[in-house]
Amino acid sequence: MSRRTSRPRRPSAASARTTSAAEITAASPCPCGMPAEYGACCGRLHAGAAAPTCEALMRSRYSAFVVHDAAYLLRTWHPDSRPEVLDLDDPGMRWERLEILGATEGSAFHTTGTVTFRAHFTHNGRAGSLHEKSRFVRYEGAWVYESALFTD
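Mapping of the sequence shown onto the UniProt record's numbering: position 97 corresponds to residue 97, and the numbering continues sequentially without gaps.
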């Protein structure tokens, strides 16, 4: 995920209740949508564990947006496309939920992969979503985010 676009839409029942970054603990449900606690899922990647697949990295990067972990986002961004700084301090932004729509390659046996997803958010109370196909590559042995194609 690298940018936001907004498109008005009705929030679903699944996204009606969200958790702020300040409320997420290791025992909280993981923001990425997997049926695991944050500490055992994306939290361990944020703490330094390697993502085993590009989908796991995508999910952890989404969770990093939720918990405002800009250092993790920068650390997992390919140095050729990584920005100098990343400001996540927009108090009107709330990431609501993540939908993984598809993935290609990106396993332990690949060097590249893509993940297509839709990330739902509200910005200053207005619902929107980011629909993106992200490209991931291996860099120095680890999965990193390289680039994106925005699909709407």
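By construction, the Cβ of each residue, glycine as well, lies at the ideal position given by its N, Cα and C atoms. Computed from a prediction, not measured in an experiment: that's the story for all the values here.
- Cβ neighbours of G106 within its own chain (closer than 8 Å, five residues either side excluded): T53, C54, E55, T112, G113, T114, V115, F136 and W143.
- T76 is bridged by DSSP to nothing; it lacks a bridge partner.
- Around the beta-carbon of F117, 16 or more other beta-carbon atoms lie within 10 Å, marking it buried.
- In the DSSP assignment, L57 falls within the unbroken alpha helix (DSSP H) covering C54 to V67.
- Approximately 6 Å separates the beta-carbon atoms of S63 and C30; this is inside 8 Å, confirming the contact.
- Where L98 is concerned, there is no enclosing alpha helix (DSSP H), although the beta strand (DSSP E) around it starts and stops at M93 to E105.
- Residue range C42 to H46 is occupied by the alpha helix (DSSP H) that includes G43.
- In the same chain as H78, and ignoring 5 residues on each side of it, the C-beta atoms closer than 7 Å to its own belong to V137, Y139, V144, Y145 and E146, in chain order.
- Contact check for C42 against L98 fails: the beta carbons are separated by 7 Å or more.
- Using a Cβ distance threshold of 7 Å, L88 and A70 count as a contacting pair.
- The Cβ-Cβ distance between A26 and Y38 falls below 7 Å.
- Rounded to whole angstroms, the Cβ separation of F65 and R94 is 10 Å, and the two are not in contact under 8 Å.
- In the three-state reduction of the DSSP assignment, A127 falls in the strand class, which pools E and B.
- For R118, the beta-bridge partners assigned by DSSP are E99 and H131.
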